[in-house]
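S.K.: The structure is given below, and queries will be raised subsequently.
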Amino acid sequence: MPEEQPEHEPTYRTKPVSFVRRSGRMSEAQERAWSELSPFYAFDVPRDVASTSVHPGARLVPADVYGREAPLTVEIGSGQGHAIVAAASAHPDRDFLAVEVFRAGLARTMLDADRAGVRNLRLVEANAPEVLETLLPEGSADEVWVFFPDPWHKSRHNKRRLVKEGFGAIAGRALRDGADEGGGLLRLATDWEDYALQMREVLDAEPEFERAFDGDWAPRFDGRVMTAFERKGLNKGRDIRDLTYRRVTRG
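The number in my numbering is simply the position in the sequence shown, starting from 1, with 298 added.
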């Protein structure tokens, strides 16, 4: 009889992710920023099967990382970091966590944060759902932001969208209850109408959330600075649609 072959752990994900990892090189300034600034700003994530995965046993305890107890805002897909650096600078009494898979964007975020003297910001290079499902303690986030996620506008790619059925449970786990306290908020924005409609349909149906707005859409979140990305959408004639949902009290 042939010798039985040992089972091997998978070296790839079994679920689609909402990004395609680009392999572009960082500039010298970005490389220097990563080398010099990441020891302070970047949380070293233990990995699982992929370079942006999160090991199931990994935990980011905010009080340990920031050295204090403060409301925590998590931005999913922070890009170049313009929105979260501005917010962290304007609200030193709050803590902020940028989640992004593109290292060049994280390096730019660290550069801008350092120049602005921002110390209440940390960065995580990881797949966002794994951060919300595993890395963060349950109920640790005061707000979660999802601004202009990749729309994956071709119908055959819709399955890659971040906000789809089941996202309520993922985001709702990380968020604290929001009843009567003004927190526990999930804030979203997109310049793609069909994605905005999908977001609203999905979150209206998720038991973890309730609307925190009246009418069809939420007013523009005044804590979101105008970025080049948002301005580009406006210049192309796209409407920006905001949504805000509140985490319901856990049963």
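Heads up, the beta-carbon is just placed ideally off N, CA and C, and yes, glycines get one too.
The structure displayed is predicted, hence computed values, not measured ones.
1) Measure the C-alpha to C-alpha separation of ARG319 and GLU508 and round it to an integer number of angstroms.
2) Once the 5 residues before and after MET324 are set aside, which same chain residues still bring their CB inside 8 Å of it?
3) Which residue or residues does DSSP assign as beta-bridge partners of ILE374?
4) Could you check where the alpha helix (DSSP H) with VAL363 kicks off and where it finishes?
5) DSSP state of ALA368, grouped into three classes?
6) How about GLU506 and GLY476: do their beta carbons lie closer than 8 Å?
7) Ordered along the chain, which non-local residues of its own chain (more than five positions away) have a Cβ less than 6 Å from that of ALA426?
8) Would you identify the three-state DSSP class for ARG498, choosing helix, strand or coil?
9) What's the gap between the Cα of GLY513 and the Cα of VAL429?
10) Specify the secondary structure class of ASP514 as computed by DSSP and reduced to three states.
11) Looking at LEU460 and LEU358, is the spacing between their C-beta atoms short of 8 Å?
12) Alpha carbon to alpha carbon, how far is TRP450 from GLY531?
13) Should THR407 and PRO447 be called a contact, given that it needs their Cβ atoms to be closer than 8 Å?
14) Please state if the CB of LEU483 and the CB of ALA510 are separated by a distance shorter than 8 Å.
15) According to DSSP, simplified to helix, strand and coil, what is LEU409?
16) Could you give the C-beta distance for ARG420 and VAL343, rounded to a whole number, given that I count them as a contact under 8 Å?
M.R.: This is what the structure gives:
1) Summary for ARG319: the model assigns pLDDT 49, below 50, so the residue's position carries little reliability; its value from the coordinates is reported in the next sentence. Approximately 33 Å between the Cα atoms of the pair.
2) For MET324, same chain residues with a beta-carbon under 8 Å away, outside a window of 5 residues either side, are TRP332, ARG401, ALA402, ALA405 in chain order.
3) Per DSSP, VAL397, VAL444.
4) It spans 360-364 - the alpha helix (DSSP H) in which VAL363 sits, taken as one unbroken run.
5) In this structure, ALA368 counts as coil in the three-state DSSP scheme.
6) Cβ distance not < 8 Å, so GLU506 and GLY476 don't count as in contact.
7) Cβ within range, chain order: ILE374, VAL397.
8) Note: ARG498 maps to helix in three-state DSSP.
9) The straight-line gap from Cα to Cα measures roughly 32 Å.
10) Here ASP514 sits in coil by DSSP.
11) Their beta carbons are not under 8 Å apart, which means LEU358 does not touch LEU460 by this criterion.
12) Each residue's CA atom was taken as its position, placing TRP450 and GLY531 some 15 Å apart.
13) Taking 8 Å as the Cβ cut-off, THR407 and PRO447 do not qualify as a contacting pair.
14) In contact: ALA510 and LEU483 (Cβ atoms closer than 8 Å).
15) Assignment of LEU409 by DSSP, reduced to helix, strand and coil, places it in the helix class.
16) Actually they do not touch by this definition, with Cβ atoms about 11 Å apart.
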